[in-house]
Each structure stands twice: as C-alpha cells, then as structure tokens.
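Colleague:
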Amino acid sequence: MIKTRFFRNSGFSWFTKDNIQCKGYYHLYGKYYEKSNLPSVWGGVRTKKDFISILTRVNGCFDVIIETEQTLFCAVDRLRSFPLFYTIKNKTLYLSDDIYWIKNETNYKEINELNKEEFRLTGYVTGDETLVNNIYQLQAGEYLVWDKKKKELKTDFYFEYKYKEFFKEDEEQLLEKLEKVHIDVFQRLIESLNGRQAVIPLSGGYDSRLIAVMLKKLGYENILCFTYGRKGNKESELSRKVAKSLGLPWEFVPYTPDTWKDWHKKKSSKEYIKYASNLVSSACLQDYPAIKYLKENNLIKKDAVIIPGHTYDFLQGGHIPVGLPERKKLTPQDLYKELIKKHYQLWRNNINKTASTFNKKFNQEFPDLPLSFNLIELAEYFEGWELKERQGKFIVNSLRAYEFFGYEWRIPLWDNELIRFWSKIPLELKLGRKFYFNYVKNKYPPNTNFVSNTINNSGLQDFKNRSKYELLKILHQTNFYNLLQKGGLPKESYNTDPMYSYYTCPYEHFLKYRKDAQSRNSFNVNYYLENYI
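All residue numbers for the sequence shown refer to the working numbering, where the first residue is 232 and numbers rise by one.
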C-alpha cells in the first residue's frame, strides 16, 4: 500500500498527469519544461533503467514521482531543492513533502538524540535521517524505488559530486571556456524567465553580481536588485554601487530592532519556521523580512522570479579548507576531522571528541572509503559531502523564504553544465578560488561594471582609536568577526550585527548562550530545538 500527500504548492505547484507527479523546472534536449509540461518528460518510464536514464540528463530543480502497476519511482534533483520525506510502517510506504503529515499518520514521534546534537552543531541532519526516528529524507541526487508487490524499498544515487578527468587546456583557454559556459547557462535562465521580473538579492559578493552582469550583458531588461540590513552597512553600499554601474533599479530594505521585535511570538513567523525547517534543516530567517516588505509594498510583481547567487563559491573551490594536511597518505579520520572543523562549529566543541561521536554517521556516508588516500581524493570526498549536506540542506533551504511568499526562484549557478565544468578544474586552480578570481580579473576588470570587490581597509587603519562598539560594527561588516569569537560573543554583538540577526531570539537567550555560540546561526538553531520540536 502507498500513502502520499503533497502540500507544498506555494511558489511552485505540483502538476499531475496520469501516473506522474512533478514540480519545479528543467531543461532536457534543448527544450524547457515547467508547470503542466513537467510530467511529459517521464511518460515512457517503465523500469529503473528508464528512470535513471532521464534523471542523469535532466537539468534543473525538481521532484518527480511515477507510479506504475508494479513500482513507484521517486527522485529529487542534484541539490535536493524541494525536500521529500518517506517511511514504511505496516508494509505501507508513506511519502510526502511535509514531514509533519508523515509524523501524524504514523505516530512516529521519538526524537533522535544524536541527530538533535548534530542539528545543534550544524543546523541540519546529515544522511538520510531526520530529527524523528524512522522518518527519512531523500538526499541530493538520490532516487527511491518501491516494489509494490514485494513491499521492498531501495534507494541509491543517480548523481554524486566527483572530480572528473581534469582539463588539459591551459588557463587562458579555460577562461574562454568558462565564459562560454556562463553564456549558455544564462541563456537557459532567460528562456525560463520568459520576460518575467528577475529579482536579484544583490550582496557585495561576486556570485549575485555575476547574475546581474550576465543578465544585463545578454540584454534582459526586466530586473530589480535589492539588499537589506542595517542602514549604511558595507555590503549594501557595495550592492548599490554595482546596481548603479549596471543601470539597474535597486531597493534597500532597512533592518532595525523593530524588524525582529517579538519575532517568535508572531503566528506568521511560527508558520514559516515550521514550513522551512521540516524537522531536518534550520530555517533561514534573514531574507524573510526583506521579501515580506518588498511584497507588501508592491515592489516585486506577483509573477516575479527571485534569483540568488547560491552557491557558486562552493563549486569554485571556496569551501575547501585552507591548510589541508599534505601527507602522502591520508586516512578517513583526517577527512572526518576536517569536516568537523568546517561544519560542526555552531557551538564550541572538542574536535576529536566530536569526530568520534559522529564516526558512525560518517562511516555510513562513506561506506566505500579506502583506508588511505591522497590530497586530491580528500578534497573530493570533502566537497561531495558538503554538496549533499550543507549546500543541499542549509544553504539552498533559504529558498523556502521565497516560496513562502508565493514566488518562484532560480539557482542558475547550479546548472548541470557548471557542475560538470568545475568538477574538471584541477585542485591547484580551485584552492582559494584562484581560477575564478583570475576569470573576474581577465573578463571583468575593475574599470568595467563588475566593480572591484576589494574591502576598503581605510576604516580599519585607525581601529586603535575606535570604541569597542565601533570596532564590532566594522568587524561585522567585513568577514573577520571570527577573530573575536575565541572568548565567546561579546554582549555588544546583540546590537552591532549588520542584520540585527541576534534579535530573532530574546536577549535573555542570547546572554545565556553567547559564550559558547560561534555565529548568529547558533542561536536560531538552539532556539528552534528548545521551542519547536
């Protein structure tokens, strides 16, 4: 028996034709599919081989469920853009985009304490598990097959991020190749927009800036850029300059303490947190007030498509840890410790103790890991894990804020062609994003509209003469705030953050936990675990 319910129709709706249910968007064989056309791609699927053949070719963000006489097939895209959950009870398969429905139908309520601790440290639950025992999630690039006669369920991956054979061309040739890939990707994006308003959350970073530059370069006119935060913060000022240089309209949404006043007491906030978290991922809060403001003030159109820069710096190699061990023979424990240092850091912890605590989970996620490997292999394992976990469950989960207010989104910087390209770039060019910075320097030098991203250090030159409060503001507005975190977060942080992010939790909560917290996300995750599960 099979029981399914799909509730999530805000932003992207589910479309059904015969035995096929889909949501999302994708390109296949040069043709674009969305809305009611989505199911037509899967009409010929009868076997697992048929299913995988299409999954490996389709390019976009989607969920798909196909039910034949003998089998149910189900899959999410390469980044798990639209989460799906499942379980089996009394030989019945339960499948939904809402974990709470499965929880209520099955009466599975026991919280997994190890996963709860992992959620506290990372902001998400890794692997196929959730915060609730016996309820599972499909992972990035994963598919599910349910044999209706045998009552058997199997899952496997049709996609995993692995390095391909590295390019042999010289760097100059690769720069030209990347430019061509970018043009292909953004032409596909423009086709999917079909003239609708493209709304770009334009930060000071290179990734969202690339979206604005490429759309402008390819002649797309219906664009709105926006940013938000404390008035005068450096990110917003850089965003304004970029938009102005491109001749694009730009809106600033000011954040103040009142933006977050009584945040967790509001019915709409509670609904959003439940919607976005689904008992597996921390809800991204920072975009919520901005999208709400833009919608209520009719600054973005009803059919607008929001296009964030997620998360191109990952593909470029920007998340590979600096200072990886360079021994000829590295072990699984070396990998696990690097994962702990990078991703299990929302709260202070002992790296060795934490690594041993999650050894079992790591071993499950790396079942075929050799006893020793080299540096390139270590980087590949590290990036493969991060794509499935942090990118798929934390970063991309911020898209829920757009859906919640009824908007579609696109993430062009996760186009399949870009994923393939960057998987072939040699490690020495990816470390420190060396190759991408060379691309920007060669294709969009400072005198063009791309605008230099260099931090203006003039504000730091006289830091010795500034008050602690002023220094905190400066450090928040650069990327060096972690310099102050060794002794815990100062009390002043509550008021100096450029987004007033700490106001999402009560001041008493902040004071209670600030000494062990490592970032703004620490408090949101902790408050969620204490009040929402």
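Beta carbons: idealized from backbone N, C-alpha and C, even for Gly.
Within 10 angstroms of its Cβ, does L510 collect 16 or more other Cβ (buried), or is it exposed?
Modeller: Working through the sequence shown from its first residue, we reach residue 510 at position 279. Buried, because 16 or more other Cβ atoms sit within 10 Å of the Cβ of L510.
Colleague: Tell me whether the beta-carbon of L420 lies closer than 8 Å to the beta-carbon of F457.
Modeller: To locate residue 420, count along the sequence shown from 1; it is residue 189. To locate residue 457, count along the sequence shown from 1; it is residue 226. Not in contact: L420 and F457 (Cβ atoms no closer than 8 Å).
Colleague: Take every Cβ of the region 348 to 357, pair it with every Cβ of the region 573 to 588, and state whether three or more of those distances are shorter than 8 Å.
Modeller: These segments touch.
Colleague: Pick out the complete beta strand (DSSP E) segments inside the region 336 to 367, 3 residues or longer, and give them in chain order.
Modeller: Runs found: none.
Colleague: Can you check DSSP and say which residues form a bridge with A748?
Modeller: Your numbering for residue 748 matches position 517 in the sequence shown. BP columns for A748 point to W578.
Colleague: Are the beta-carbon atoms of V363 and Y339 separated by less than 8 Å?
Modeller: As a working note, residue 363 is residue 132 in the sequence shown. As a working note, residue 339 is residue 108 in the sequence shown. Yes, the pair counts as a contact, with Cβ atoms nearer than the cut-off.
Colleague: Is D489 helix, strand or coil when you go by DSSP?
Modeller: Position 258 of the sequence shown, counted from the start, is the residue given in the question as residue 489. DSSP places D489 in helix when its eight states are reduced to three.
Colleague: Classify T585: buried if its beta carbon has 16 or more other beta carbons within 10 angstroms, exposed otherwise.
Modeller: Counting from 1 along the sequence shown, the entry for residue 585 is found at position 354. By the 10 Å Cβ count, T585 comes out buried.
Colleague: Distance, Cα to Cα, L369 vs D359?
Modeller: As a first step, residue 369 is located in the sequence shown; it is residue number 138 there, counting from the start. As a first step, residue 359 is located in the sequence shown; it is residue number 128 there, counting from the start. Taking the straight line joining both Cα atoms gives about 6 Å.
Colleague: Terminal residues of the continuous alpha helix (DSSP H) containing Y633?
Modeller: By 1-based counting over the sequence shown, the position of residue 633 is 402. Start and end: 631 to 635.
Colleague: First and last residue of the beta strand (DSSP E) that includes Q301?
Modeller: Here the question's residue 301 lines up with position 70 in the sequence shown. Segment: none, Q301 is in no beta strand (DSSP E) and carries neither H nor E.
Colleague: In chain order, what are the residue ranges of uninterrupted alpha helix (DSSP H) at least 4 long that sit wholly in the region 409 to 479?
Modeller: For the region 409 to 479, whole alpha helix (DSSP H) runs of length 4 or above, ordered along the chain, are 437 to 448, 465 to 477.
Colleague: Using the beta-carbon count (16 or more within 10 Å), is Q252 buried or exposed?
Modeller: For the purposes of this step, residue 252 is taken as residue 21 along the sequence shown, with counting starting at 1. By the neighbour-count rule (16 or more Cβ atoms within 10 Å), Q252 is buried.
Colleague: Within the continuous beta strand (DSSP E) that includes I251, where are the two ends?
Modeller: Position 20 of the sequence shown, counted from the start, is the residue given in the question as residue 251. Looking at the DSSP string, the run of the beta strand (DSSP E) that includes I251 is 251 to 259.
Colleague: Counting only the same chain and skipping the five closest in sequence on each side, list residues whose C-beta sits under 7 Å from that of I551.
Modeller: For the purposes of this step, residue 551 is identified with residue 320 of the sequence shown, where counting begins at 1. Correct list, in chain order: A610, F613, E614, K661, L662.
Colleague: Which residues mark the beginning and the end of the beta strand (DSSP E) in which R236 is found?
Modeller: The residue labelled residue 236 in the question sits at position 5 within the sequence shown. Looking at the DSSP string, the run of the beta strand (DSSP E) that includes R236 is 233 to 236.
Colleague: Name the two residues that bound the continuous beta strand (DSSP E) containing F390.
Modeller: In the sequence shown, counting from the first residue as 1, residue 390 sits at position 159. Where F390 is concerned, there is no enclosing beta strand (DSSP E), given that its DSSP letter is neither H nor E.
Colleague: Measure from the alpha carbon of S476 to the alpha carbon of each residue in F483, Y392, G261, A443, then state which is nearest.
Modeller: Here the question's residue 476 lines up with position 245 in the sequence shown. The candidate whose alpha carbon is nearest that of S476 is A443.
Colleague: Looking only at its chain, what residues have a beta carbon closer than 7 Å to the beta carbon of V412, apart from the 5 residues adjacent to it on each side?
Modeller: Position 181 of the sequence shown, counted from the first residue, corresponds to residue 412. Closer than 7 Å at Cβ, skipping near neighbours: E648, L649, F652.
Colleague: Do Q428 and M730 have their C-beta atoms within less than 8 Å of each other?
Modeller: The residue labelled residue 428 in the question sits at position 197 within the sequence shown. The residue labelled residue 730 in the question sits at position 499 within the sequence shown. For Q428 and M730, no; Cβs fall outside 8 Å.
Colleague: Would P314 be called buried (16 or more neighbouring beta carbons within 10 Å of its own) or exposed?
Modeller: Here residue 314 refers to the residue found at position 83 of the sequence shown. P314 comes out buried.
Colleague: Cα separation between I296 and Y257?
Modeller: Numbered from 1 along the sequence shown, position 65 holds the residue referred to as residue 296. Numbered from 1 along the sequence shown, position 26 holds the residue referred to as residue 257. Cα to Cα, the separation comes out at about 15 Å.
Colleague: How would you call E502, buried or exposed, if buried means at least 16 neighbouring beta carbons within 10 angstroms?
Modeller: Within the sequence shown, the letter at position 271 stands for residue 502. Exposed.
Colleague: Which ranges would you report for the beta strand (DSSP E) in the region 596 to 633 if only whole runs of at least 3 residues count?
Modeller: As far as the region 596 to 633 is concerned, it has no whole beta strand (DSSP E) run of at least 3 residues.
Colleague: So for V484, helix, strand or coil by DSSP?
Modeller: In the sequence shown, counting from the first residue as 1, residue 484 sits at position 253. V484 falls in the strand class under three-state DSSP.
Colleague: Can you list, in chain order, the residues of its chain whose CB lies under 8 Å from that of E402, leaving out five sequence neighbours each side?
Modeller: Here residue 402 corresponds to residue number 171 of the sequence shown, with the count starting at 1. The answer, listed in chain order, is L660, F666, N669.
Colleague: Just to check, is the beta-carbon of V276 closer than 7 Å to a non-hydrogen atom of the ligand FMN?
Modeller: Looking for the ligand FMN in the displayed structure turns up nothing, as the structure carries no ligands at all.
Colleague: List the endpoints of the continuous alpha helix (DSSP H) containing T278.
Modeller: Mapped onto the sequence shown, residue 278 falls at position 47. Looking at the DSSP string, T278 is not in any alpha helix (DSSP H), and its letter there is neither H nor E.
Colleague: Per DSSP, E265 forms a beta bridge with which residues?
Modeller: Taking the first residue of the sequence shown as 1, we reach residue 265 at position 34. Per DSSP, Y256.
Colleague: May I have the straight-line CA-CA distance separating V484 from T490, to the nearest angstrom?
Modeller: One-based indexing of the sequence shown puts residue 484 at position 253. One-based indexing of the sequence shown puts residue 490 at position 259. Approximately 10 Å between the Cα atoms of the pair.
Colleague: For a quick check, are the C-beta atoms of K254 and F246 less than 8 Å apart?
Modeller: Stepping through the sequence shown from its first residue, residue 254 is reached at position 23. Stepping through the sequence shown from its first residue, residue 246 is reached at position 15. Going by C-beta atoms, K254 is nearer than 8 Å to F246.
Colleague: With distances taken from CA atoms, which of E410, G460, F635, L455 is nearest A514?
Modeller: Counted from its first residue, the sequence shown places residue 514 at position 283. The shortest C-alpha separation from A514 is found at F635.
Colleague: Below 6 Å CB to CB, which residues in the same chain sit around F593 once its five sequence neighbours on both sides are set aside?
Modeller: Translated into the one-based positions of the sequence shown, residue 593 becomes position 362. Cβ within range, chain order: Y567.
Colleague: What would DSSP say about D329, mapped onto helix, strand or coil?
Modeller: Stepping through the sequence shown from its first residue, residue 329 is reached at position 98. If DSSP states are grouped into helix, strand and coil, D329 belongs with coil.
Colleague: Relative to the C-alpha of Q301, which residue among E557, S500, K380, F398 is closest?
Modeller: The sequence position of residue 301 within the sequence shown is 70, counting from 1. With distances taken between Cα atoms, Q301 lies closest to K380.
Colleague: From the DSSP secondary-structure annotation, give me the bridge partner or partners of D294.
Modeller: The residue labelled residue 294 in the question sits at position 63 within the sequence shown. In the DSSP output, where bridge partners are listed per residue, D294 has K254, V307.
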